[in-house]
Amino acid sequence: METELLPPLKQTLWGRLAVANFFFGGAGAGAYLVALSLPWVSATPLDRSALALGPLLVLAGFLSVAVEAGRPLRGPRVLTMVGSSWMSRESWAGGAFVALAALDFLAPWAGWRLAAAVAALFFVLAQGWVLGHCRGVMAWNVPILPLVFLVSALASGAGILGLLTPFGSREPERLALQMAALIVLSGFAWILYSVWLRQDSAVLGIFIVGHLLPLVILVVGLWSPAYASVAAALAGVGVLIGQLQAKAWLILKMGVLRPITINALLLRRES
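Under the numbering used here, the residues of the sequence shown are numbered 90 to 360, in order.
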């Protein structure tokens with residue numbers, strides 16, 4: 090028999106700006122990774138802007154978490170704890186990604202681009218490990234969370250590229266197919282995570298808005314190629330809304346601390 094000394098309480102360290110950090114950071118890194126998988130992405134100035142959006146969104150995420158922390162000047166201290174802190178590793182990976190992506194944008198070279206992609210991949214996984222190593226929060230301390238963050242980032246990145254499609258992107262049908270595949274993977278990952286936590290019904294709205302509806306829109310666009318670009322943009326909006334909802338649900342609702350309990354029988358023996 091266990092007695093609760095402290096009931097489960099919501100964590101208060103991270104709020105809406107932390108949600109913005111995880112959303113913008115994941116979407117930015119994901120957009121860069123998805124963009125690199127498209128052979129035409131650097132063929133025009135507009136296409137190259139897709140590669141520039143990635144690091145800018147990651148910077149926006151870092152700014153959000155710095156503002157929420159309330160002491161931006163303490164940021165350098167975080168960087169010194171790379172040996173023990175996943176937040177430190179995430180910061181280093183994000184900074185490396187931004188720097189390498191900027192180098193590639195200013196002086197295009199496959200080496201910069203490949204290194205930036207590796208940094209972006211590690212950055213997204215590190216975001217998941219930041220939460221996954223919070224042992225005090227049961228919903229975060231699960232082994233599949235980094236995988237969920239990776240798939241969510243790729244889906245968000247595809248959504249951003251979908252938004253750019255009406256402005257002149259090439260091969261909208263190919264992008265639509267890639268978006269559809271990533272949406273399916275994202276839906277599977279979030280459902281797996283919710284089943285793991287026995288929170289099946291909690292992600293129903295996320296699944297409908299961020300997955301099912303965008304898939305229907307993409308199918309319509311593929312059926313009518315003349316509307317493929319518009320369909321990709323609309324689907325991108327749905328995907329981004331869904332992923333933002335998912336990150337907000339994860340941080341704000343599921344961020345509940347474990348209860349502190351003690352064995353009542355042990356107490357009676359000591360009394």
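Even for Gly, the Cβ is constructed at its ideal location relative to N, Cα and C.
Note that the structure is predicted; figures quoted are calculated from it, not measured.
{"query": "Three-state secondary structure (DSSP) of V305", "result": "helix"}
{"query": "Residue closest to A185, alpha-carbon to alpha-carbon, out of L145, Q267, V156", "result": "L145"}
{"query": "Residues near L264 by beta carbon distance below 8 angstroms, same chain, minus five either side", "result": "L127, A247, L250, G251, T254, S258, A321"}
{"query": "Same chain only: Cβ atoms within 8 angstroms of L236, ignoring 5 sequence neighbours per side", "result": "G217, A278"}
{"query": "Three-state secondary structure (DSSP) of L106", "result": "helix"}
{"query": "Local Cβ density within 10 Å of S313, reported as buried at 16 or more and exposed below that", "result": "exposed"}
{"query": "Beta-carbon proximity of L102 to V156, cut-off 8 angstroms", "result": "no"}
{"query": "Buried versus exposed call for P161 [16 or more other C-beta atoms within 10 Å across all chains shown]", "result": "Annotation note: pLDDT 49 at P161 (below 50); position unreliable, coordinate value reported separately. With fewer than 16 Cβ atoms within 10 Å of its Cβ, P161 is classed as exposed."}
{"query": "Alpha carbon of W175 to alpha carbon of G310, nearest angstrom", "result": "41 angstroms"}
{"query": "Rounded C-alpha distance that separates A149 from R287", "result": "33 angstroms"}
{"query": "CB of A190 within 8 angstroms of CB of Y121, strictly", "result": "yes"}
{"query": "For L346, three-class secondary structure by DSSP", "result": "strand"}
{"query": "Helix, strand or coil at V226 [DSSP, three-state]", "result": "strand"}
{"query": "Proximal residues to L341 (C-beta, below 6 angstroms), its chain only, five neighbours per side dropped", "result": "none"}
{"query": "Neighbourhood of L98 by C-beta distance below 6 angstroms, restricted to the same chain and skipping five residues each side", "result": "L346"}
{"query": "Neighbourhood of A208 by C-beta distance below 7 angstroms, restricted to the same chain and skipping five residues each side", "result": "A182, A185, F186, L189"}
{"query": "Neighbourhood of A242 by C-beta distance below 6 angstroms, restricted to the same chain and skipping five residues each side", "result": "G115, A118, G119, V213"}
{"query": "Cut-off 6 angstroms between Cβ atoms - residues of its own chain near A228, not counting five sequence neighbours on either side", "result": "L286, M343"}
{"query": "C-alpha distance - R202 paired with L192, whole-angstrom precision", "result": "9 angstroms"}
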